[in-house]
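Asker: Residue numbers (this note's numbering), protein chains in the order written: chain A, 5 to 326; chain B, 5 to 326. Just so you know, even glycine gets a beta-carbon here, dropped at the ideal spot from N, CA and C.
Protein chains: 2
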Amino acid sequence: MGETVRIAIDAMGGDYAPQEIVKGAISALEEEQVELVLVGREDILHQRLNRHKLNDPMLSLFEARDVIAMDDDPVLAVRQKRDSSIAAGMNLLKEGKVSAFVSAGNTGAIMTTALLTLGNQEGVERPALGIILSAPTGPVLFTDVGANADCKPPLLVQIAHMGSFYMNRVFDIPRPRIGLLSTGKEENKGNRLIKEANQLLWSSGLNFIGNIEAQDIPAGVADIVVTDGFTGNVVIKLAEGLGELFINVSRQGATGKLSHIMTPSLLKTVEKRLLDYSGHGVAFLLGVNGNVIVAHGRSETEGIKRAIAVAKQIAEHEVHYG
Amino acid sequence: MGETVRIAIDAMGGDYAPQEIVKGAISALEEEQVELVLVGREDILHQRLNRHKLNDPMLSLFEARDVIAMDDDPVLAVRQKRDSSIAAGMNLLKEGKVSAFVSAGNTGAIMTTALLTLGNQEGVERPALGIILSAPTGPVLFTDVGANADCKPPLLVQIAHMGSFYMNRVFDIPRPRIGLLSTGKEENKGNRLIKEANQLLWSSGLNFIGNIEAQDIPAGVADIVVTDGFTGNVVIKLAEGLGELFINVSRQGATGKLSHIMTPSLLKTVEKRLLDYSGHGVAFLLGVNGNVIVAHGRSETEGIKRAIAVAKQIAEHEVHYG
Chain A
5 MGETVRIAID AMGGDYAPQE IVKGAISALE EEQVELVLVG REDILHQRLN RHKLNDPMLS
65 LFEARDVIAM DDDPVLAVRQ KRDSSIAAGM NLLKEGKVSA FVSAGNTGAI MTTALLTLGN
125 QEGVERPALG IILSAPTGPV LFTDVGANAD CKPPLLVQIA HMGSFYMNRV FDIPRPRIGL
185 LSTGKEENKG NRLIKEANQL LWSSGLNFIG NIEAQDIPAG VADIVVTDGF TGNVVIKLAE
245 GLGELFINVS RQGATGKLSH IMTPSLLKTV EKRLLDYSGH GVAFLLGVNG NVIVAHGRSE
305 TEGIKRAIAV AKQIAEHEVH YG
Chain B
5 MGETVRIAID AMGGDYAPQE IVKGAISALE EEQVELVLVG REDILHQRLN RHKLNDPMLS
65 LFEARDVIAM DDDPVLAVRQ KRDSSIAAGM NLLKEGKVSA FVSAGNTGAI MTTALLTLGN
125 QEGVERPALG IILSAPTGPV LFTDVGANAD CKPPLLVQIA HMGSFYMNRV FDIPRPRIGL
185 LSTGKEENKG NRLIKEANQL LWSSGLNFIG NIEAQDIPAG VADIVVTDGF TGNVVIKLAE
245 GLGELFINVS RQGATGKLSH IMTPSLLKTV EKRLLDYSGH GVAFLLGVNG NVIVAHGRSE
305 TEGIKRAIAV AKQIAEHEVH YG
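(1) Restricting to Cα atoms, I'd like to know which of M166(B), I72(B), G233(B), N192(B) is closest to E126(B).
(2) How many angstroms separate the CA atom of L290(A) from the CA atom of L205(A)?
(3) Which residue wins for smallest C-alpha separation from T95(A), given the options E36(A), A218(A), V296(A)?
(4) Just checking my contact of A218(A) with L63(B) at CB under 8 Å: how many whole Å lie between their CB atoms?
(5) Strictly under 9 Å for the Cβ-Cβ distance: is K156(B) near chain A by that measure?
(6) On the three-pair Cβ rule with 8 Å, is the stretch 175–189 of chain A touching the stretch 232–246 of chain B?
(7) Mind checking if N196(A) is an interface residue toward chain B, Cβ cutoff 9 Å exclusive?
(8) Please tell me whether K27(A) and I308(A) are closer than 9 Å, where the distance is taken between their beta carbons.
(9) Between L97(A) and M115(A), is the Cβ-Cβ spacing less than 9 Å?
(10) Between the C-alpha atoms of I216(B) and E200(B), what's the straight-line distance to the nearest angstrom?
(11) Below 8 Å, how does it come out for the stretch 21–39 of chain B and the stretch 134–142 of chain A: are there three or more Cβ pairs, yes or no?
(12) Using the beta-carbon of each residue, which ones in chain B are nearer than 7 Å to N237(A)?
(13) Would you call V9(B) buried or exposed, if buried means 16 or more other Cβ atoms sit within 10 Å of its Cβ?
(14) I need the boundaries of the alpha helix (DSSP H) containing A113(B), first residue and last residue.
(15) Can you give me the C-alpha to C-alpha distance between L177(A) and D220(A), rounded to a whole angstrom?
(16) Taking 6 Å as the limit between beta carbons, can you name the residues of its chain near T231(B), skipping five residues before and five after?
(17) Would G245(B) count as contacting chain A if we go by Cβ distances under 9 Å?
(18) Do the CB positions of A15(B) and A29(B) come within less than 9 Å of each other?
(19) Closer than 9 Å between beta carbons: that is the criterion. Which residues of the stretch 204–226 of chain A meet it against chain B?
(20) Is T187(A) helix, strand or coil when you go by DSSP?
(21) Got a sec: is the Cβ-Cβ distance from E304(A) to anything in chain B below 9 Å?
(22) I want to verify the contact list: residues of chain B whose CB lies under 7 Å from the CB of A153(A), in sequence order.
(23) Closer than 9 Å, CB to CB, is E129(A) near chain B or not?
(24) Mind checking H3(A): buried by the 16 CB within 10 Å criterion, or exposed?
(25) Are the C-beta of F234(B) and some C-beta of chain A separated by less than 9 Å?
(26) Could you have a look at I72(A) and say whether DSSP puts it in helix, strand or coil?
(27) Report yes or no: is there a C-beta of chain B within less than 9 Å of the C-beta of D75(A)?
(28) Excluding the 5 residues preceding and the 5 following L395(A) in the sequence, name in chain order all residues of the same chain whose CB lies nearer than 7 Å to its CB.
(29) Tell me whether P78(B) sits in a helix, a strand or coil according to DSSP, three-state version.
(30) Is any beta-carbon of chain A found at less than 9 Å from that of L289(B)?
(31) At the 9 Å Cβ level, is E35(B) part of the contact set with chain A, yes or no?
(32) On the three-state DSSP scale, how would you describe S107(B)?
(33) One question on the structure: do K101(A) and A12(A) come within less than 9 Å of each other, judged by their Cβ atoms?
(34) Quick one: is G150(B) near chain A, going by C-beta distance under 9 Å?
(35) Among G112(A), A91(A), V79(A), which one has its Cα closest to the Cα of T121(A)?
(36) Which residue spans inside the stretch 30–61 of chain A form an unbroken alpha helix (DSSP H) run of at least 4?
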């Protein structure tokens with residue numbers, strides 16, 4: 005193993021900030037070999053940290069006085085709140101003082117700040133959001149999961165390029181197989197956007213394998229599944245909802261009539277597989293020059309801890325940008 | 005209970021037609037109080053029925069000599085294959101000789117034939133496809149699941165109207181709560197289509213409750229979840245894929261190391277809940293004057309049996325059209 009990865013955390017972003025963010029960071033330090041920088045209002049963070057009686061050399065604070073709210077208009081907020089925790093964290097990343105930045109805050113503000121501060125990779129107009137799913141074949145990148153609700157066909161091709169770059173660098177896949185999410189495998193299936201993107205992808209030079217259907221994603225038929233940010237966001241939220249539903253079904257088994265057979269250990273096995281599949285809400289930006297991890301806005305301790313683990317993993321794979 | 009419901013089945017439509025369709029029909033007759041009419045090529049069907057040594061007064065055949073293939077162009081096929089099983093079955097419905105028509109065949113051809121033969125309900129330009137999901141609050145109608153891949157905002161409002169009519173008539177819900185599937189509850193969330201439809205729905209006179217997110221569907225926050233046919237189709241296929249994944253996880257528990265705790269009875273309980281949620285691929289047309297059930301193209305015996313059960317349920321609720 006190389007040197008310890010240093011990660012900045014937006015302590016003020018997310019529905020349960022700062023308490024759950026701080027707790028998640030402390031919890032991550034107990035399990036992971038990482039150095040964390042909590043970015044936000046030091047007065048508030050000091051209180052939280054005292055409460056946790058923490059004095060860890062692997063944890064430091066970085067002052068940012070503005071807070072961007074979850075429902076702030078992203079462009080306005082970025083313009084007016086110059087010393088936000090998002091802006092400050094992104095600057096640490098830009099300056100190379102940290103290897104990754106994690107935020108559960110306003111996604112639009114994170115994207116806008118990333119573009120302004122870090123800049124986009126060559127040929128990229130707009131970044132995309134991706135998540136990694138587990139398949140028997142290995143990791144599967146699912147993108148865009150929310151950055152671009154309205155896509156034109158060429159943007160889907162760009163997303164495919166960003167994804168291909170990413171899977172090549174992070175997972176050493178030489179020519180990642182790209183599938184386009186549609187309602188059928190045939191080229192004439194899908195809506196207008198997908199039909200046009202399908203044509204463009206065949207001549208993109210990428211390793212395009214054609215349309216794929218949602219039910220085939222878990223089997224790993226493609227290394228990258230490309231979709232527009234609206235559909236992708238709906239899909240991950242549905243996976244999340246179904247995961248919770250199935251966990252509840254299993255838990256009912258564990259506490260109700262079936263409690264003699266649904267033991268805590270089986271429940272844990274089932275939950276692990278479900279959460280693993282649903283991605284647990286840890287997304288990251290594709291197409292910008294830096295490792296930016298976007299945790300679920302509703303992240304609590306466990307979610308932040310997972311986001312930090314993903315950040316560490318990505319940073320250790322040393323994706324080089326520029 | 006009233007008189008026995010009579011249902012026509014397209015024996016030639018679906019990836020596993022006619023064998024699985026015939027088997028599904030025979031299986032349904034063993035469990036349901038229904039009268040079935042198998043529509044298709046009598047020569048082929050006679051063979052299949054002999055093989056099953058069947059001579060049931062509740063089962064009859066209706067000759068249709070043309071077969072529309074799953075990958076036929078819908079409009080061309082409907083024009084050229086005048087004596088298809090889809091056309092013949094739809095005519096039986098139109099003439100009142102059956103109360104519902106079930107097909108696992110070419111969805112586009114089913115829709116086109118339904119519009120031409122049965123006609124559309126007042127104010128409806130294009131029919132939609134719906135499925136019923138189970139929620140703790142009762143049944144939830146999810147629509148459009150594939151009829152209209154490209155929607156304009158007014159079409160989503162029409163789909164909401166069709167759904168409202170349906171849930172009112174079939175499930176006696178006075179003012180069904182309508183949710184619009186989006187990426188966030190706020191009105192400014194979603195893509196352009198959804199933002200515009202949101203505005204139109206508030207002034208539609210329907211019981212619109214605003215945007216809802218995919219993870220909230222299973223809880224039953226709305227009686228009707230409205231979406232475009234592309235997103236809806238992706239969503240049900242994903243639910244299907246995740247359902248299979250989770251069943252496999254459970255089965256691994258049942259056959260592998262955990263087999264001493266994951267018993268067949270628990271497995272059955274889990275599977276039942278999952279299949280119930282995923283809707284098992286039984287969709288129906290909204291907006292046309294008749295009960296048309298669209299079974300999954302990959303339906304086997306069990307799927308056809310479920311489609312017949314759904315057809316019976318809808319027909320017994322006596323949705324009156326016109």
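Answerer: Judging by the given coordinates:
(1) On the second sequence, position 122 is the one that residue 126(B) refers to. Closest in C-alpha terms to E126(B), from the list M166(B), I72(B), G233(B), N192(B), comes M166(B).
(2) Taking the first residue of the first sequence as position 1, residue 290(A) is located at position 286. Taking the first residue of the first sequence as position 1, residue 205(A) is located at position 201. Their Cα atoms are separated by approximately 18 Å.
(3) One-based indexing of the first sequence puts residue 95(A) at position 91. It should be noted that the sequence gives Asn, not Thr, for residue 95(A). Per the Cα distances, V296(A).
(4) For the purposes of this step, residue 218(A) is taken as the residue at position 214 of the first sequence. For the purposes of this step, residue 63(B) is taken as the residue at position 59 of the second sequence. Not quite, the Cβ-Cβ distance comes to about 36 Å (not below 8 Å), so this is no contact.
(5) Translated into positions along the second sequence, residue 156(B) becomes position 152. No, K156(B) does not count as interfacial toward chain A.
(6) Here the stretch 175–189 of chain A makes contact with the stretch 232–246 of chain B; the two share three or more CB pairs at distances below 8 Å.
(7) Residue 196(A) sits at position 192 when you count from the first residue of the first sequence. The residue asked about is misnamed: residue 196(A) is Arg in this sequence, not Asn. At a cut-off of 9 Å between beta-carbon atoms, R196(A) makes contact with chain B.
(8) As a working mapping, residue 27(A) is identified with position 23 in the first sequence. As a working mapping, residue 308(A) is identified with position 304 in the first sequence. Result yes, Cβ atoms of K27(A) and I308(A) sit closer than 9 Å.
(9) The sequence position of residue 97(A) within the first sequence is 93, counting from 1. The sequence position of residue 115(A) within the first sequence is 111, counting from 1. In this structure, M115(A) does not lie closer than 9 Å to L97(A) by Cβ.
(10) As a working note, residue 216(B) is residue 212 in the second sequence. As a working note, residue 200(B) is residue 196 in the second sequence. Each residue's Cα considered, the two are about 15 Å apart.
(11) No, they do not touch.
(12) The residue given as residue 237(A) occupies position 233 in the first sequence. Near N237(A) (Cβ distances below 7 Å), the residues of chain B are T187.
(13) Position 5 of the second sequence, counted from the start, is the residue given in the question as residue 9(B). Looking at its Cβ environment, which holds 16 or more other Cβ atoms inside 10 Å, V9(B) is buried.
(14) For the purposes of this step, residue 113(B) is taken as the residue at position 109 of the second sequence. Following the DSSP letters along the chain, one finds A113(B) inside the alpha helix (DSSP H) bounded by residues 111–122.
(15) Indexing the first sequence from 1 puts residue 177(A) at position 173. Indexing the first sequence from 1 puts residue 220(A) at position 216. Note on residue identity: the sequence assigns Ile, not Leu, to residue 177(A). Looking at the two C-alpha atoms, the distance is approximately 20 Å.
(16) Here residue 231(B) is taken as the residue at index 227 of the second sequence, counted from 1. Cβ within range, chain order: L185.
(17) Residue mapping note: residue 245(B) aligns to position 241 of the second sequence, counting from 1. For G245(B), the answer is yes, since a Cβ of chain A falls inside 9 Å of its Cβ.
(18) In the second sequence, the residue the question calls residue 15(B) occupies position 11. In the second sequence, the residue the question calls residue 29(B) occupies position 25. In this structure, A15(B) places its C-beta atom within 9 Å of the C-beta atom of A29(B).
(19) Cβ contacts with chain B come from E217, A218, Q219, D220, I221, P222, A223.
(20) If you number the first sequence from 1, residue 187(A) lands on position 183. Taken through DSSP and simplified to helix, strand or coil, T187(A) comes out as coil.
(21) If you number the first sequence from 1, residue 304(A) lands on position 300. Interface annotation, E304(A): not in contact with chain B, CB-CB separation never under 9 Å.
(22) As a position in the first sequence, residue 153(A) is number 149, starting the count at 1. Ordered by position in chain B, the residues that pass the 7 Å Cβ test against A153(A) are T187, G194, N195.
(23) Here residue 129(A) refers to the residue found at position 125 when the first sequence is read from its first residue. Contact of E129(A) with chain B is not assigned, every C-beta pair being separated by 9 Å or more.
(24) Since the displayed chain A opens at 5 and closes at 326, residue 3(A) lies outside it and no answer follows.
(25) Within the second sequence, residue 234(B) is the residue found at index 230, counting from 1. The C-beta of F234(B) comes closer than 9 Å to at least one C-beta of chain A.
(26) Walking along the first sequence from the start, residue 72(A) turns up at place 68. Coil, per DSSP.
(27) The count along the first sequence starts at 1 and reaches residue 75(A) at position 71. By this cut-off, D75(A) is an interface position.
(28) Absent from the structure is residue 395(A), since the part of chain A shown begins at 5 and ends at 326.
(29) Here the question's residue 78(B) lines up with position 74 in the second sequence. Helix at P78(B).
(30) For the purposes of this step, residue 289(B) is taken as the residue at position 285 of the second sequence. For L289(B), not one C-beta of chain A is nearer than 9 Å to its own C-beta.
(31) The sequence position of residue 35(B) within the second sequence is 31, counting from 1. False, the Cβ-Cβ gap to chain A never drops below 9 Å.
(32) For the purposes of this step, residue 107(B) is identified with residue 103 of the second sequence, where counting begins at 1. DSSP, reduced to helix, strand and coil, places S107(B) within a strand of the structure shown.
(33) Taking the first sequence and counting its residues from 1, one reaches residue 101(A) at position 97. Taking the first sequence and counting its residues from 1, one reaches residue 12(A) at position 8. By the CB criterion at 9 Å, K101(A) and A12(A) fall inside the cutoff.
(34) Against the second sequence, residue 150(B) aligns to sequence position 146. Interface criterion met: the Cβ of G150(B) is under 9 Å from a Cβ in chain A.
(35) Taking the first residue of the first sequence as 1, we reach residue 121(A) at position 117. Of G112(A), A91(A), V79(A), the residue nearest in Cα terms is A91(A).
(36) Entirely contained in the stretch 30–61 of chain A, the alpha helix (DSSP H) runs reaching 4 residues are, in chain order, 46–55.
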